[in-house]
Amino acid sequence: MSSFNATLQVEGGEYDVLSCNFSFGQATDDKGRPASNVKGGNLFIQIVTSDDTALLGWMIDPYKKTNGSIVFKKIDEDSTLKEVKFEDAYCVGYSESFNSTSASAMTVSLNISARKIEVSGVAHENHA
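According to full-length UniProt numbering, the stretch in the sequence shown is residues 1 to 128, in order.
What follows is the structure, given as structure tokens:
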């Protein structure tokens, strides 16, 4: 059992996060030196399904951008460990799954592509 929990706040709703993954990277040359701009800004998030259709509506509208955040908290202290904020983000992937043998029988997996992502005050902006 994890000693942390996380909440996705987006589109006016709050969703319990089951898993979250994001990364940044850049290409290197043959000597191991950076050879490209930093790329990042996609968040892969799995949440518990609800009857709320706001996230599906966000996915279905290819022009809709929104802002949001994921707040990671220490359960025993109820204090924020980390906050990931995202701006001008599109929902570019939405998948709903059902498994009757799982503790959380229905889940939604999201792929969120953001222009700007900030992790506890450290910001990265993707440029066109």
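From the three backbone atoms N, C-alpha and C, an ideal C-beta is built for every residue, glycine too.
Note that the structure is predicted; figures quoted are calculated from it, not measured.
CB of residue i within 9 Å of CB of residue j, strictly
i  : j   : result
S3 : I75 : yes
Rounded C-alpha distance that separates residue i from residue j
i    : j    : result
K73  : D30  : 40 Å
A103 : G93  : 23 Å
Y7   : E125 : Looking at the sequence provided, one finds Thr at residue 7 rather than Tyr. If I take the Cα positions, the gap works out to 23 Å.
G12  : Y90  : 15 Å
E14  : E96  : 17 Å
F24  : N37  : 10 Å
F98  : S109 : 11 Å
T49  : R33  : 43 Å
N5   : S69  : 14 Å
E77  : Q9   : 20 Å
K116 : F86  : 6 Å
T107 : D16  : 10 Å
Nearest-angstrom Cβ-Cβ length linking residue i and residue j, presumed shorter than 8 Å
i   : j   : result
K65 : D88 : 5 Å
(request) Note down, one range per segment and in chain order, each beta strand (DSSP E) of at least 3 residues found wholly within the stretch 35-104. (result) 39-48, 66-74 and 79-98
(message) Quick test of the definition: if touching needs 3 or more C-beta pairs under 8 Å, does the stretch 77-85 touch the stretch 114-125?
(response) yes
(request) Taking 8 Å as the threshold, find out whether the stretch 39-46 comes into contact with the stretch 5-20 through three or more Cβ pairs. (result) yes
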